[in-house]
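One structure is given here, and the rest of the page talks about it.
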Amino acid sequence: MEKTFVVEHLDPELGPWSTLEYACIARESHARGARFLLSSVPAELQMPADLAATKGLEVEQRSVEEIFADRKDKVCLLDPSAQTELSPQDGDHFEVFLFGGILGDDPPRDRTSELRKKGYVGRRLGPKQMTTDTAVRVTRMVVHEKVPLEEIPYVDYPELQINEHERTEMPFRYVKDAEEKPIMPDGMVALINKDADKSLDDLF
Ligand code: SAM
Numbered sequence: 001m002e003k004t005f006v007v008e009h010l011d012p013e014l015g016p017w018s019t020l021e022y023a024c025i026a027r028e029s030h031a032r033g034a035r036f037l038l039s040s041v042p043a044e045l046q047m048p049a050d051l052a053a054t055k056g057l058e059v060e061q062r063s064v065e066e067i068f069a070d071r072k073d074k075v076c077l078l079d080p081s082a083q084t085e086l087s088p089q090d091g092d093h094f095e096v097f098l099f100g101g102i103l104g105d106d107p108p109r110d111r112t113s114e115l116r117k118k119g120y121v122g123r124r125l126g127p128k129q130m131t132t133d134t135a136v137r138v139t140r141m142v143v144h145e146k147v148p149l150e151e152i153p154y155v156d157y158p159e160l161q162i163n164e165h166e167r168t169e170m171p172f173r174y175v176k177d178a179e180e181k182p183i184m185p186d187g188m189v190a191l192i193n194k195d196a197d198k199s200l201d202d203l204f
């Protein structure tokens with residue numbers, strides 16, 4: 001059964017960080033036969049051209065509530081505060097996996113609550129905050145590839161070398177690749193390096 005991954009865009013703007021994350025989710029979903037919907041995108045929002053041209057991206061002005069009004073019980077909200085962890089069996093029941101299109105923050109401000117209030121069944125991806133693209137990647141591995149959450153290789157709070165003298169710690173959990181490196185969207189390390197003078201908070 002084809003799964004739909006929905007990111008409900010909850011910020012008024014769409015900055016460079018979110019742009020790279022959404023493009024990454026679109027490319028990976030497209031390559032793996034999953035559908036990716038970016039919902040609640042305001043009509044007046046100017047989509048960056050590179051993102052708009054990314055294969056696999058479907059943009060919707062409607063909210064997740066409107067789009068899936070007739071299938072609410074098939075929607076699973078990935079929620080850092082949920083009581084139950086996501087399991088491969090959840091892939092047999094749920095058809096739509098919903099994520100907050102929110103930038104990570106440290107400490108987390110629980111903006112996922114905006115979606116929780118709508119009454120969707122929630123599942124957690126472990127105790128650590130992930131970036132949105134990581135949360136989608138992990139969910140896909142669990143429900144498509146049937147890998148249990150605890151068997152996925154992770155890197156927590158990796159340090160990035162910003163320049164010769166500076167390193168910065170990313171306050172998130174990432175999936176580890178074959179070279180033991182955190183998987184990040186194309187262009188993310190360059191974006192962080194370029195904005196090294198700004199604080200990470202400004203970037204998010
Ligand atoms: N600080 C955030 C908040 O205010 O809720 C977390 C935002 S996180 C960067 C973006 C989205 O990824 C969340 O809305 C959620 O859907 C998903 N997510 C991230 N980490 C998660 C976890 N450990 N369990 C479940 N979902 C997670």
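Sequential numbering from 1 applies to the sequence shown in the UniProt record's numbering. Ideal Cβ placement from N, Cα and C applies to all residues, glycine included.
* Asked: Among 110, 91, 28, 136, which one has its Cα closest to the Cα of residue 98?
  -> For the options 110, 91, 28, 136, the alpha carbon positioned closest to that of residue 98 is the one of 136.
* Per DSSP, which one or two residues make a beta bridge with residue 35? -> Residue 35 is bridged to 4.
* **Residues near residue 162 in its chain [Cβ-Cβ closer than 8 Å; skip 5 each side]** => Only 168, 192, 193, 196 meet the Cβ criterion.
* To do: Kindly list the residues whose CB is nearer than 7 Å to the CB of residue 152, restricted to its own chain and excluding five residues on each side of it in sequence; keep chain order.
  => The answer, listed in chain order, is 138, 141, 175.
* **residue 85 - partner residues in DSSP beta bridges** => BP columns for residue 85 point to 124.
* Span of the alpha helix (DSSP H), counted from its first residue to its last, around residue 91 -> Run containing residue 91: 90–93, per the alpha helix (DSSP H) assignment.
* Environment of residue 8 [buried if 16+ CB atoms lie within 10 Å] -> Looking at its Cβ environment, which holds 16 or more other Cβ atoms inside 10 Å, residue 8 is buried.
* Asked: Using the rule of at least 16 other Cβ atoms within 10 Å of the residue's Cβ for burial, across every protein chain shown, is residue 182 buried or exposed?
  -> So residue 182 ends up on the buried side.
* My understanding is that residue 126 touches residue 85, with C-beta atoms under 8 Å, so please give their C-beta distance in whole angstroms. => Sure, about 7 Å apart at Cβ, within 8 Å.
* Specify the secondary structure class of residue 141 as computed by DSSP and reduced to three states. => The three-state secondary structure of residue 141, taken from DSSP, is helix.
* **Neighbourhood of residue 29 by C-beta distance below 8 Å, restricted to the same chain and skipping five residues each side** => The answer, listed in chain order, is 5, 35, 36, 56, 136, 140.
* Pairwise C-alpha distance: residue 64 and residue 47 -> Residue 47 and residue 64 have their C-alpha atoms roughly 19 Å apart.
* Under 8 Å by Cβ, that's how I've got residue 22 and residue 10 pegged, so tell me the actual separation to the nearest angstrom. => At roughly 13 Å, the Cβ-Cβ gap does not stay under 8 Å, so residue 22 and residue 10 are not in contact.
* To do: Measuring alpha carbon to alpha carbon, tell me which of 88, 101, 120 ends up nearest residue 15.
  => Ranking the options by Cα distance to residue 15, first place goes to 101.
* Which same chain residues, not among the five before or five after residue 60, have their C-beta less than 8 Å away from its C-beta? -> Its chain contains 37, 38, 39, 40, 41, 67 as the residues whose beta carbon lies nearer than 8 Å to that of residue 60, once the 5 sequence neighbours on both sides are disregarded; these appear in chain order.
* What number of angstroms, rounded off, separates the C-alpha of residue 154 from the C-alpha of residue 178? -> Distance between the alpha carbons of residue 154 and residue 178: 11 Å.
* Asked: Based on Cα-Cα distance, which residue from 33, 123, 45 lies nearest to residue 79?
  -> Nearest of 33, 123, 45 to residue 79, Cα basis: 123.
* According to DSSP, is residue 182 helix, strand or coil? -> It is a strand residue.
* To do: Using DSSP bridges, identify the partner residues of residue 266.
  => Look at the range of the chain in this structure, 1 to 204, and you will see that residue 266 is not part of it.
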